[in-house]
Amino acid sequence: MQALQSYKHFAFKFPELKQEILDGRLLLLISSNNSKEPRFQISDATNTQMVFGKDIENWQSGTSQLISEDAFGYPLERISNIPAGEYYVQALMHKHETSKLKTGHTVKLPMDRGEGQHWNEAPGNIYSTPVKIHIDPKASNEISITLNKIIPPIKEPDDTNTSSI
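In the numbering used here, the protein residues as written are 5 to 169.
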């Protein structure tokens with residue numbers, strides 16, 4: 005267990021993985037239990053855990069991004085509303101792809117990569133190992149999280165034998 009205390013802000017970085025620069029939505033996932041990874045405990049149900057996010061553009065490997073106590077979230081509106089206690093935290097970067105439209109506009113959107121638009125399972129997204137921390141509203145330390153894993157591509161289905169049809 006990592007005994008870090010704070011929620012003034014969370015600092016995130018990713019080492020050189022396959023991507024050097026990322027665009028997307030950086031998500032901070034906080035759970036009061038370790039029944040599953042926090043990324044699999046976010047839903048519209050009443051027992052959902054917490055998620056806070058921030059749009060990121062041109063994030064370069066080796067640099068940090070911050071999510072501060074005023075970041076917007078669900079089901080709690082702000083990180084600063086989290087009561088003191090033990091939590092499991094995880095970060096995930098939901099990658100966006102850049103597309104140039106015929107109109108001349110550029111858009112950055114999360115594309116379906118075969119997972120059916122499930123951000124917590126989207127191949128190519130990077131995420132961190134869950135870490136247990138103590139959050140204390142009176143503390144002022146920084147919590148650092150490294151996104152060091154990549155969700156692998158979805159396995160292509162095996163070809164079927166159609167010669168007997």
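Beta carbons: idealized from backbone N, C-alpha and C, even for Gly.
Whose C-beta lies closer than 7 Å to the C-beta of residue i among residues of the same chain, with five residues either side of it excluded?
i           : result
residue 128 : 99, 117, 154, 155
residue 111 : 103, 105
residue 119 : 125, 126, 127, 158
For the putative contact between residue i and residue j, defined by C-beta atoms under 8 Å, what is the C-beta separation to the nearest angstrom?
i          : j           : result
residue 30 : residue 69  : 6 Å
residue 27 : residue 60  : 7 Å
residue 91 : residue 139 : 6 Å
residue 97 : residue 151 : 6 Å
residue 18 : residue 130 : 6 Å
For the candidate residues the options, whose alpha-carbon lies nearest to that of residue i?
i           : options         : result
residue 132 : 41, 101, 24, 62 : 41
With 16 as the cutoff for other CB atoms within 10 Å, does residue i come out buried or exposed?
i          : result
residue 77 : buried
residue 79 : exposed
residue 34 : buried
residue 53 : buried
(message) Whether or not the stretch 106-125 and the stretch 77-87 are in contact is what I'm after, with contact meaning three or more pairs of Cβ atoms, one per stretch, closer than 8 Å; do they touch?
(response) Taking a cut-off of 8 Å on C-beta distances, the stretch 77-87 does not touch the stretch 106-125, as fewer than three cross pairs fall below it.
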